[in-house]
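Below you'll find the structure, written out as structure tokens, and then a few comments.
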DNA sequence: TCGCTTTTGTGAGCAGTGCTCTCGCTTGGT
DNA sequence: ACCAAGCGAGAGCACTGCTCACAAAAGCGA
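Residue numbers (the numbering used here), protein chains in the order written: chain D, 2 to 234; chain G, 2 to 234.
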């Protein structure tokens, strides 16, 4: 037999350990210098291994980056979920804005990671499929709040122009059959608009324009909540 | 004296000519492959000059990039202005959405340029001062529409929470003393939110989510107009 | 236990990058 | 006609992502 250790052979355990070490070091460089300056050789150097050895774990630099992208999505998702849970028994609008503020806070704390996932997608044009579930986590937190409001008496239906009805019905049928189509359409827009607010602040578009960004953002988020139909505090 | 030619000596003319050629070639590479793959050496190669000669015109790669950034802002600004002029005598909401759609169309037509200016700012953290006036052009088109509505009877005042009043007054005093503070605050938010919508579509966040993006965007833009207080069609 | 295959790690090497420096040539102004 | 400034060329440095042939090492069936 063998060492009868934890599980699945020491070989496999070492592999995931080294993989994690590489990602950690890479994440550090990403946070410090940005995705553009993330260098495989520097990561290998810091880990005391030959640069070529790193290719046993990630077939290319882009693959390392997409791994970091997934981690970033999950980190942001966790932050959003944690914020939702701390405000579990507040009103719907309050819960919405609390999560919005958590997203903003995460972005300000991890600017380069945020740029990696919501800025220009550096590698190719279309995101790899692995990123989709991780990316959906934040959105899921928001839809959960909307869903709660819908089950209680806290959701007003936004107006839905006739021209947009087919698309709204399609989106609702596919992603949230239990929610009114007008709500789903309004939510998708608010979802994108929220990240417009965060991105503008983070990428310097608000420099010399918005000063008190904290309160500005909070009220913008509140207006987004109203736009989705969240009415009670 | 001199050659009595067009102006300021042939030397200077040649310089701006070569500078333009470099920018053109660089813009081509940017559009084709993205900012990450823009290579000074490739530009020089394509122009038939030594790569070191290029440094007579742009002290560094980042300087070339910021030149392209300014050009991109101006190109987007021109597109917005042109759109505004084509709808000169439509209602305020219609003019607003027409300009929004022009911004979106420009972004879809120049994805890498858009990513360069509204995606992650690649060079440093703060944008060079030269970019500010160019960046303001688009915003100025929108404020022009809002101002027109304000001078006519087409502008409703959005609600302004007490907490946001100081900031709204400050922004209004600084940028648009002729507009109500509540309008200015709502506009700044709508401005950022608009680019959230465009960015999400362009960067693939709407993949598998929004199908009929044209009409989805149009109505989202309309709702933004209403949020700012634009009421008449 | 032996032997074999698969997995890891190594170092050299290729093609490419941004950028610097020195060297000559051309040009503009005086 | 001279001299300084501007401009282009080439070599070179330090760095990058990535590939390849090769050597240890670990796992596993016999």
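Each residue gets a CB set at the ideal place from its N, CA and C atoms; glycine is no exception.
(1) State the start and end residues of the unbroken alpha helix (DSSP H) segment that holds residue 158 (chain D).
(2) By a C-beta neighbour count over all protein chains shown, 10 Å radius and 16 as the cutoff for buried, is residue 223 (chain G) buried or exposed?
(3) Less than 9 Å separating the beta-carbons of residue 156 (chain G) and residue 227 (chain G)?
(4) Here's a check: name, in chain order, each residue in its chain whose Cβ is nearer than 6 Å to the Cβ of residue 181 (chain G), leaving out the five neighbours to either side.
(5) Output the distance between the C-alpha atoms of residue 124 (chain D) and residue 83 (chain D), rounded to the nearest integer angstrom.
(6) Are residue 78 (chain D) and residue 135 (chain D) touching if we call contact CB-CB under 9 Å?
(7) Would you mind working out which of G:111, G:151, G:205 and G:81 sits nearest residue 142 (chain G), comparing C-alpha positions?
(8) Name the one or two DSSP bridge partners that residue 231 (chain D) has.
(9) Check whether chain D comes within 9 Å of residue 206 (chain G), counting only Cβ atoms and requiring the distance to be less than that.
(10) What whole-angstrom Cβ distance do residue 26 (chain G) and residue 44 (chain G) have, given they're in contact under 8 Å?
(11) Would you call the CB atoms of residue 37 (chain D) and residue 120 (chain G) closer than 9 Å?
(12) Checking contacts by CB at 9 Å: is residue 302 (chain G) closer than that to chain D?
(13) Chain G partners of residue 78 (chain D), CB-CB under 9 Å?
(14) Within the 9 Å Cβ cut-off, does residue 192 (chain D) reach chain G?
(15) Could you check what DSSP says for residue 61 (chain G) in three-state terms: helix, strand or coil?
(16) Please list, in chain order, the chain G residues whose beta carbon lies closer than 7 Å to that of residue 216 (chain D).
(17) Could you list the residues in the segment 174-202 of chain D with a C-beta less than 9 Å from some C-beta on chain G, going in chain order?
(18) Between residue 3 (chain D) and the rest of its own chain, which residues show a CB-CB distance below 6 Å, the 5 nearest in sequence each way excluded?
(19) Residues in the same chain with beta-carbon distance under 6 Å from residue 197 (chain G), minus the five sequence neighbours each way, listed in chain order, please.
Quick answer:
(1) Note, residue 158 (chain D): premise wrong, no alpha helix (DSSP H); not H, not E.
(2) Only buried fits residue 223 (chain G), as 16 or more other CB atoms lie within 10 angstroms of its CB.
(3) no
(4) 158
(5) Bear in mind that the predicted position of residue 124 (chain D) carries a pLDDT of just 47, short of 50, making it unreliable; the figure below should be weighed with that in mind. Answer to the nearest angstrom: the Cα atoms are 30 Å apart.
(6) yes
(7) G:81
(8) DSSP, once it has assigned bridges, lists D:156 as partnering residue 231 (chain D).
(9) yes
(10) Sure, about 5 Å apart at Cβ, within 8 Å.
(11) no
(12) This structure cannot speak to residue 302 (chain G), because chain G is shown only from 2 to 234.
(13) In chain order: nothing, as chain G lies at least about 14 Å away.
(14) For residue 192 (chain D), a Cβ of chain G is located within less than 9 Å of the residue's own Cβ.
(15) coil
(16) 164, 165 and 168
(17) 175, 176, 186, 187, 189, 190, 191, 192, 193, 194, 195, 196, 197, 198, 199, 200, 201 and 202
(18) Annotation note: pLDDT 35 at residue 3 (chain D) (below 50); position unreliable, no value reported.
(19) none
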